[in-house]
Ligand code: AGP
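Numbering (the working numbering), first residue to last: 6 to 622.
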């Protein structure tokens, strides 16, 4: 969703804000803008507001290096209300143009507020819900910025992460949170604000996280946090991890390709110290579950959206196979509104890269409302979902900047496989079985690295041949069974969101029940057929689509020449036990999306219409 940065200190705000926005751009990037409190023409201060449609680069060009002002706010927008225009870009100002506001979230009662303000003579200049905020704050402003913002927010229903600056108060910034994340960073004689710690990690490692319905007055000396109802609040300082720093592209042309190639390293980090060969088991300290607790679990529900949901599907199969626990994966937005039946001995796992996805947060809160135990399986440390769950594991894949999730997916799958091994070893597995699975898991990073060395940067060969078919396709099918059905869904999502190619994933056998009618010579079929128990059955399904003219791209275990012969393009991946194959079979699918997007001239790291972290419903 939208990105927010703020600064109060002794340096020029503009360049710091632009740097922060550039780091946040992946969160949402229709337009961007800044507001600085700067010395005005007269002896007072005024607001300098600069906004541009498009990427942050356009804004950077518009902001002069000499831009004065050491108090400021910046915003990248992912449109929810109103088109992508400069008038709709944030910051929005009040009628006197002496109060500027940036907002992330949705104001559900904005129409009523807008009508009321218009009756009082307010003239609106945008189509956005957010613009009611500066006018409301102006309405209550009697000289105290904090109380004016507090009074205004008391009338607002919905979600917000906001930052406000006042021309009358250089050196002061007001921020508030309800549903959209905000973090305050401590500097030396300066203070930072951001919607994601990643934006300010280069300036400070000491931060506090605002909680819902809190408001904060920020100055260069520090901050005062209070509840919206006025009660003072204090938070402990958190130390940001070192992994937040490494988020440049380096030698790669795109973050997506960099992050695909980071997977051996990110996966190693995720597995480090968690697989325990000595016992044939695994340990996830963050779950804080004793063996007796694990024995008492009766069902596991894995909740997530998009790619995280696909990782959850793999996790659910692994939980049943390894731990013999009933397990299901469910799209979080469906779970949260179906009034789910939850028992005391259920365990829920909330999977999220950003830890800020509103749909997943809602599912977590619904499960907790009904007495369910929820553990986070999250990448961003200190994120809202991680803190709301209170217990869980971080997948440590490092900052994932490309909107299309790749390394987070494999780390999420790995963390869920480790959890399945941990529960399985406690409940049903002997040391030998557990050890064999654990060893196979620990071998994956090296196998990944070897495969990526061969295929990752190749400009010829089966990946390129496959992309040739995919980019010319009217429609693409992805097929698989069991955990490969989840990989098929992930491959289809990648190709849709990066290359904008229409495609569908289907459990391989299910094709016969209707969708096979879509098959002809213009519908390539990507079949994921590792050498597992369902290989033969899936190859039968491959024969069925071939018989109807489909051109098959087949992902198979290396050495399976019989399978390879069934395909126009065949791509081998290293051997691994069935439940572990998704960590390898997903790699060519990630590259398909990347290379197809490149061939079609797409904006690889920031595909149209998307945002990295969807913090609205
Ligand atoms: C993945 O490529 C997509 N960008 C999207 O589906 C994403 O996985 C989904 O929005 C969930 O995000 P989260 O993992 O941050 O919760």
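Ideal Cβ positions, reconstructed from N, Cα and C, are used throughout, including at glycine.
Would DSSP call residue i helix, strand or coil?
| i | result |
| --- | --- |
| residue 547 | helix |
| residue 358 | coil |
| residue 1 | Nothing about residue 1 can be reported from this structure: the residues present for the chain run from 6 to 622 only. |
| residue 250 | Bear in mind that the predicted position of residue 250 carries a pLDDT of just 48, short of 50, making it unreliable; the figure below should be weighed with that in mind. Note: residue 250 maps to coil in three-state DSSP. |
| residue 351 | strand |
| residue 542 | helix |
| residue 275 | helix |
| residue 399 | strand |
| residue 26 | helix |
| residue 392 | helix |
| residue 55 | strand |
| residue 236 | coil |
| residue 287 | strand |
| residue 220 | strand |
| residue 532 | strand |
| residue 412 | helix |
| residue 477 | coil |
| residue 382 | strand |
| residue 621 | coil |
| residue 88 | coil |
| residue 100 | coil |
Hey, out of the options, whose CA is closest to residue i's CA?
| i | options | result |
| --- | --- | --- |
| residue 576 | 534, 613, 538, 545 | 534 |
| residue 19 | 7, 42, 35, 463 | 42 |
| residue 382 | 289, 367, 454, 339 | 289 |
| residue 570 | 581, 551, 586 | 551 |
| residue 315 | 581, 10, 72, 419 | 419 |
| residue 478 | 487, 500, 492 | 500 |
| residue 82 | 416, 98, 37, 110 | 37 |
| residue 338 | 135, 471, 362, 139 | 362 |
| residue 613 | 84, 222, 213, 320 | 84 |
| residue 484 | 294, 442, 594 | 594 |
| residue 346 | 263, 371, 356, 547 | 371 |
| residue 105 | 86, 172, 228, 145 | 172 |
| residue 66 | 39, 90, 88 | 39 |
| residue 299 | 324, 386, 310, 607 | 324 |
| residue 618 | 310, 601, 68, 473 | 310 |
| residue 592 | 537, 416, 620 | 416 |
| residue 481 | 525, 70, 15 | 525 |
| residue 183 | 143, 366, 283 | 366 |
Which residues bound the beta strand (DSSP E) around residue i?
| i | result |
| --- | --- |
| residue 107 | 104-109 |
| residue 168 | 165-171 |
| residue 211 | 211-214 |
| residue 8 | 8-13 |
| residue 511 | 508-512 |
| residue 80 | 76-82 |
| residue 462 | Counting along the chain, residue 462 falls outside any beta strand (DSSP E), and DSSP gives it neither H nor E. |
| residue 335 | 332-336 |
| residue 180 | 178-183 |
| residue 44 | 36-44 |
| residue 64 | That residue, residue 64, is in no beta strand (DSSP E); its alpha helix (DSSP H) goes 61-67. |
| residue 196 | 196-199 |
| residue 188 | 188-191 |
Starting from residue i and walking both ways along the alpha helix (DSSP H), at which residues does that stretch end?
| i | result |
| --- | --- |
| residue 137 | 137-145 |
| residue 112 | Segment: none, residue 112 is in no alpha helix (DSSP H) and carries neither H nor E. |
| residue 304 | Run containing residue 304: none in the alpha helix (DSSP H); it sits in the beta strand (DSSP E), 304-309. |
| residue 576 | No alpha helix (DSSP H) holds residue 576; the beta strand (DSSP E) holding it covers 574-578. |
| residue 623 | The requested residue 623 is not part of the displayed model; the chain covers only 6 to 622. |
| residue 375 | That residue, residue 375, is in no alpha helix (DSSP H); it is neither H nor E in DSSP. |
| residue 495 | 488-504 |
My guess is that residue i and residue j are in contact by the Cβ rule of under 8 Å, so how many angstroms apart are they, rounded?
| i | j | result |
| --- | --- | --- |
| residue 165 | residue 181 | 7 Å |
| residue 589 | residue 578 | 4 Å |
| residue 369 | residue 384 | Contact flag wrong, Cβ pair sits at about 16 Å. |
| residue 556 | residue 520 | So it is not a contact: roughly 16 Å between Cβ atoms. |
Tell me, please, whether the stretch 209-224 touches the stretch 16-28 by the rule of three or more beta-carbon pairs shorter than 8 Å. no
The stretch 46-64 touching the stretch 110-129, judged by at least three CB pairs closer than 8 Å: no
Looking at C-beta atoms only, is the number of pairs between the stretch 348-359 and the stretch 372-386 that lie closer than 8 Å three or more? yes
At a cut of 8 Å, does the stretch 433-449 reach the stretch 300-307 through at least three beta carbon pairs? no
Does the stretch 417-431 touch the stretch 257-270, meaning 3 or more C-beta pairs lie closer than 8 Å? no
Counting Cβ pairs closer than 8 Å, one from the stretch 388-398 and one from the stretch 324-337, do we hit at least three? no
Is the number of C-beta pairs between the stretch 225-233 and the stretch 404-419 that are closer than 8 Å three or more? no
Would the stretch 491-509 and the stretch 451-466 be scored as touching if the rule is three or more Cβ pairs under 8 Å? no
Using 8 Å as the threshold, is the stretch 448-457 in touch with the stretch 525-533, meaning 3 or more CB pairs across them? no
Pairing CB atoms from the stretch 135-142 with CB atoms from the stretch 94-102, are three or more of them under 8 Å? yes
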